[in-house]
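So the sequence shown is numbered by my numbering: it starts at 1116 and just counts up by one.
From the three backbone atoms N, C-alpha and C, an ideal C-beta is built for every residue, glycine too.
Since this is a predicted model, take the numbers as computed values, not measurements.
Only one structure is covered here, and it is reproduced in the block below.
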Amino acid sequence: MKKFNFRKVLDGLTASSPSGSSGGGSGGGSGAGGSSMHPGGTAGAAGTPRDEIQETLTSDYFQICKTVRHGFPYLPTALAFDPVQKILAIGTRTGAIRILGRPGVDCYCQHESGAAVLQLQFLINEGALVSASADDALHLWNLRQKRPAILHSLKFNRERITYCHLPFQSKWLYVGTERGNTHIVNIESFILSGYVIMWNKAIELSTKTHPGPVVHLSDSPRDEGKLLIGYENGTVVLWDLRSKRADLRAYYDEAIHSVAWHHEGKQFMCSHSDGSLTLWNLKSPNRPFQTTIPHGKIQRDGKKPESCKPILKVEYKTCKSSEPFVIFSGGLSYDKACRRPSLTIMHGKAITVLEMDHPIVDFLTLCETPYPNEFQEPYAVVVLLEKDLIVVDLTQSNFPIFENPYPIDIHESPVTCTEYFADCPPDLIPVLYSVGAKHKKQGYSNKEWPISGGAWNLGAQTYPEIIITGHADGSVKFWDASAITLQMLYKLKTSKVFEKQKTGEGKATAEIVEEDPFAVQMMYWCPESRIFCVAGVSAYVIVYRFSKHEVNTEISSLEVRLQYEVEDIITPEPEIIPPFPDASSQLPSLKSLSGSTNTVACEGTMKDSIPCLSVKTRPVRMPPGYQADLVIQLVWVDGEPPQQITSLAVNSAYGLVAFGNCNGLAVVDFMQKTVLLSMGTLDLYGSSDPYQRQPRSPRKSKQFAAGLTELSDSPVSLELERCKSPTSDHVNGHCTSPTSQSCSSGKRLSSADVSKANRRGPGRPPFRKAQSAACMEISLPVTTEENRENSFSRSRSSSVSSIDRDSKEAITALYFMESFARKNDSAVSSCLWVGTGLGMVLILSLNLPASDDLRQSEPVMVSPSGTVLTLKGPVLTFACLDCMGTLTHPPYEVWRDPHSADDGEKTRKRKLVMHSPSSSQDMGDHQFAVICSEKQAKVFSLPSQTCLYVHNITETSFLLRADVVTLCNSVCLACFCANGHIMTLSLPSLRPLLDINYLPVTDMRIARTFCFTNEGQALYLSSPTEIQRLTYSQEMCDNLQDMLGDLFTPVETPEAQNRGFLKGLFGGSGQAFDREELFGEATAGKASRSLAQHIPGSGGIEGVRGAAGGVIGDLTRARIALDERGQKLGELDERTASMMASAEAFSKHAHEVMLKYKDKKWYQF
């Protein structure tokens, strides 16, 4: 392979244009668009990389769409269940609807208005759903397509919707309003009927007060022509729809919350605000037939039991073979203030109270029949809590709960960081599941999960995917995310390596965070070697190895002193500056190496050399799975607390872990358990720091104000502010998929409050840590749920001096790689790439023992190579391409069980893979280094260190995340910008392939958790409880329909039980009730146009989308209509056949009866 012939044509020359496009690689010595060109720019004479590397990716390969949302619906408000289709719908305060069926069937849809969902009603077994929202609109959703869409909407203008009821197999929806009126809507046309039940007609004329809003509507199970209306003030009216008058009125002096019928339609039960249940008989509506306060204390003197909390909902369900079930929420005694929210199940004389962890939003009883006039036979209760979904088994006397198969416990502890790995080794998922399955809880119901509707498709996507979530309590969860599903595999508790905090102990003041001291801040996983590493908020790093065997062992720990110090005034002498490829960078020299320091806790108030947490010193039992190999803690230095870790990288082949913060860099050998390097960032440069900084006096008592400065300076000062960022605290550290991912935290997007962790406690020195607006760190340890999600830690203040700003330079990105460390190297060697918050890139050389035998005994040497490269803005990510443009992965050690019983001797050799993929083993004589910062991306040719391509990604904003990923057997750079843009750039030429303003960063949670992975996939936390996955691959967008589950599956509606002859004769005339005749336009007339406005829906049939206008659309619609007509004709045919068969059977039986009694006299019967 020939070298690129780049000469120093453009030495010292800068070319800039506002376009911000890629450039600098093509002939003619063209400058880089919108950026400074490195000396040694381009020459048109020789072959350029474009000639040598054929890039296959074009913009046609990219498109963005959301794929699936996992987790618990955030802020739920409403619940509905289709008893025939067996699917569940949950509405939320943000206008979202989640529809759940069997595991894998999980659909998310959103009201455009964003108004809260008040109520949901399924059209049972019709594949449709009605939602009522807080903006007084009704919407009809079509569920017969994989992505439900609105077919019709009806917006009420003059009245507020409070309650809806849709009788089974009816097309007329009853809508109650705040004014107390009841309107009727045709579900098919979504037009309001002229038939209205006005509140003043429903109540007695002598009543002087308004009855309040409608809180309940239901038709009598005995007679569909009678509608029961419950008003808030305690009035219940049974309205005769035919005669348009009230059949009966019942009054109670406590407010009504809900009403429930007995299936025979002779009695109904009400729940009230004083914790009472009243049972009413239709024959005697003057007073309740029975009144009980289930949780009220009975008074000794025979008075009425004391009032309790309101019973918000009651359900009254009958059984053929046992007493009826009365199930209600609320109603507990006021004197038990600490009692948790509860659901009470009354069955006969037995009363069971089920205490819940969270407040109850709603519950539904699941019954065997959809018909309201049959024995209900309840078998389960679905309880929707504020943060959980529970299903209780009613068929067993101890009421066990079902094991929930949905991934709704993502938020068990708030998520603080995420990583996503597509196309990882296929053996990992079964291995992780096998160690995780051993921790399954006991005591669940042994019955099948009752929400079993829909159909799940495996789709064409077959590669394994794993999502890892880090949490505020120190737990880490591994999830199987293959084929757009999510299932928990394994949970690791990182806090187990530390002693439990004992409050009130003097030593506890060494902590730097008050709440959630074990919160996971960063994770790094190497799937091939199974090495896993976490960085915690209390300035520690834990290295884990995977084993299938349980062990009892002590936890090794190291303490590292990482301090920023300026001891001398640094004045570089111009005459010794070597001709370096960048005018602003000089060759650094190694200043000092310091290892770990012995722990010496100074007496008095000054804390020195003590870590924030205490590692367990006794032997610890470690179950199979991830076992702690080494804990590394940063210690207090001269009363200054250790700063939080901003970057993390591990390499199993080298046996090294590296991490940095705003003070400097530490490199630890986790095989020999020694600290190799612990050095301030400035010391890494040596005497040639590109930023001339002044010494700083240690002002220990300086307290920064909480306010955030807005950047409204001129472009030059803005760039200085951004470039001289003292830290770019990365909350999602490196990811170790084959793509060396590193994630920056979100930047200043709002004047967020400073978290509790930053307030100075008594005797606690303030953090001496400046923070630029460019580089905000997300706060992890905060108290309230909202704050946990939305606050920053240690915001930068306007009072931060330029000395502080200039003198601290955070380590923001780290990457181990086989690379050319110096300019004239002829072969690759082991390197550590270091990126800083000032856009500087340093390469450290790693001198590893030549043979594996010496690795445990010979020391590893780490030394700066002298190479310094520069970019604009804090460095986010690195990657390496071989001379063919193929992504080369860092070396790794093939996993072997460290505690394998059959291979006990210590002499077994490590199996290292140094070049991956193997095609890159012959590295050629050069490689490409891809470096991306918050502002720009650059591609350097190594070992010449020539900047081949540069692309200014953003001038006015900054990147939150950048990852080099593989897609369609090629490679690209994926970026997520704080202004909401998702971009991809080709490699190595940095051509823009995709740029879509897709996701406004409305919340720091998005900034903190967004990550890209291979095969065109990405994810972020869309709410505190939900993970949103998306794809930027055109191929996956095209195939998405095949992968999504079907919500609607053809199911025969169960037949109604045969009613006896006498029951049919005397049991009411419900069957003859014709709603069409009563509510239709011909009889009832038209409703007032100003009352409600009909809005046609945007969503219809999926097949029509592409051809909405024109002949093709009409043909498609006609074909679908014919299909549906054919389906209905087929169903009609089947029904006719079954009716003929039953008629024949009846005729046969009648003939037999006639023959039997033909010759008998009347007195012989």
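DSSP, read as helix, strand or coil, puts residue 2147 in strand.
Taking the Cα positions, residue 2027 is about 34 Å away from residue 2075. Shown here, residue 2078 sits in a strand according to DSSP, grouped into three states. Taking all protein chains in view, the Cβ of residue 2156 is surrounded by fewer than 16 other Cβ atoms within 10 Å, so the residue is classified as exposed. Within the same chain, Cβ atoms closer than 7 Å to the Cβ of residue 1190 are found at 1207, 1208, 1209, the five residues on either side in sequence being excluded.
Residue 1466 is classed as exposed because its beta carbon has fewer than 16 other beta carbons within 10 Å across all chains shown. The Cβ-Cβ distance between residue 1763 and residue 1637 falls below 8 Å. Within the same chain, 1749, 1778, 1779, 1781, 1793 come within 6 Å of residue 1677 by CB-CB distance, once the 5 residues on both sides are set aside. Here the region 2134 to 2146 does not lie against the region 1554 to 1570, with fewer than 3 beta-carbon pairs under 8 Å apart.
Membership of residue 1639 in the beta strand (DSSP E) is indicated by the continuous run 1635 to 1641. In this structure residue 1317 is buried. Its beta-carbon is surrounded by 16 or more other beta-carbon atoms within 10 angstroms. No residue range can be given for residue 1322, since it is assigned to no alpha helix (DSSP H) and is classified by DSSP as neither H nor E.
For residue 2206, the CB contacts under 8 Å within the same chain, skipping 5 residues up- and downstream, are 1271, 1272, 1273, 1274, 1298, 1307 in chain order.
Bounds of the beta strand (DSSP E) holding residue 1775 are 1771 to 1775. With contacts defined by Cβ atoms closer than 8 Å, residue 1267 and residue 1255 form a contacting pair. Residue pairing by DSSP puts residue 1461 in a beta bridge opposite 1441, 1466. With three or more CB-CB distances shorter than 8 Å, the region 1349 to 1368 counts as touching the region 1380 to 1393. Between the C-alpha atoms of residue 1285 and residue 1219 there is a straight-line separation of about 31 Å.
Residue nearest to residue 1528 within the set 1495, 1585, 1500, 1482 is 1585 (criterion: CA-CA distance).
Within the same chain, Cβ atoms closer than 6 Å to the Cβ of residue 1756 are found at 1627, the five residues on either side in sequence being excluded.
Within the model, the alpha-carbon separation for residue 1671 versus residue 2097 is close to 42 Å.
With a cutoff of 8 Å on beta-carbon distance, residue 1925 and residue 1761 are scored as near each other. Contact between residue 1204 and residue 1214 holds, since their C-beta atoms are separated by about 5 Å, short of 8 Å.
By the neighbour-count criterion, in which a residue is buried when 16 or more other Cβ atoms sit within 10 angstroms of its Cβ, residue 1533 is buried. For the pair residue 2088 and residue 2131, the CB atoms are not nearer than the 8 Å cut-off. Just measuring C-alpha positions, the residue of 1313, 1334, 1319 sitting nearest residue 1328 is 1313. Residue state for residue 2156 is assigned as helix, using DSSP reduced to three classes. When the beta-carbon positions are compared, residue 2050 and residue 2069 come within less than 8 Å of each other.
Taking the Cα positions, residue 1455 is about 28 Å away from residue 1592. Runs of beta strand (DSSP E) with 3 or more residues, each lying fully within the region 1556 to 1629, are found at 1580 to 1586, 1590 to 1595, 1602 to 1608, listed in chain order. Between the region 1501 to 1517 and the region 1467 to 1481 there are three or more C-beta pairs closer than 8 Å, enough to call the two in contact. Of the residues assessed, residue 2260 falls on the exposed side of the cut-off, its CB having fewer than 16 other CB atoms within 10 angstroms.
Going by DSSP, residue 2122 is part of the alpha helix (DSSP H) stretching over 2119 to 2124. Using a 10 angstroms sphere on the CB of residue 1545, the tally of other CB atoms stays under 16, which defines it as exposed. Per the coordinates, the alpha-carbon of residue 2209 lies some 16 Å from the alpha-carbon of residue 2196. The shortest CA-to-CA distance from residue 1498 to any of 2011, 1192, 1972, 1562 is the one to 1192.
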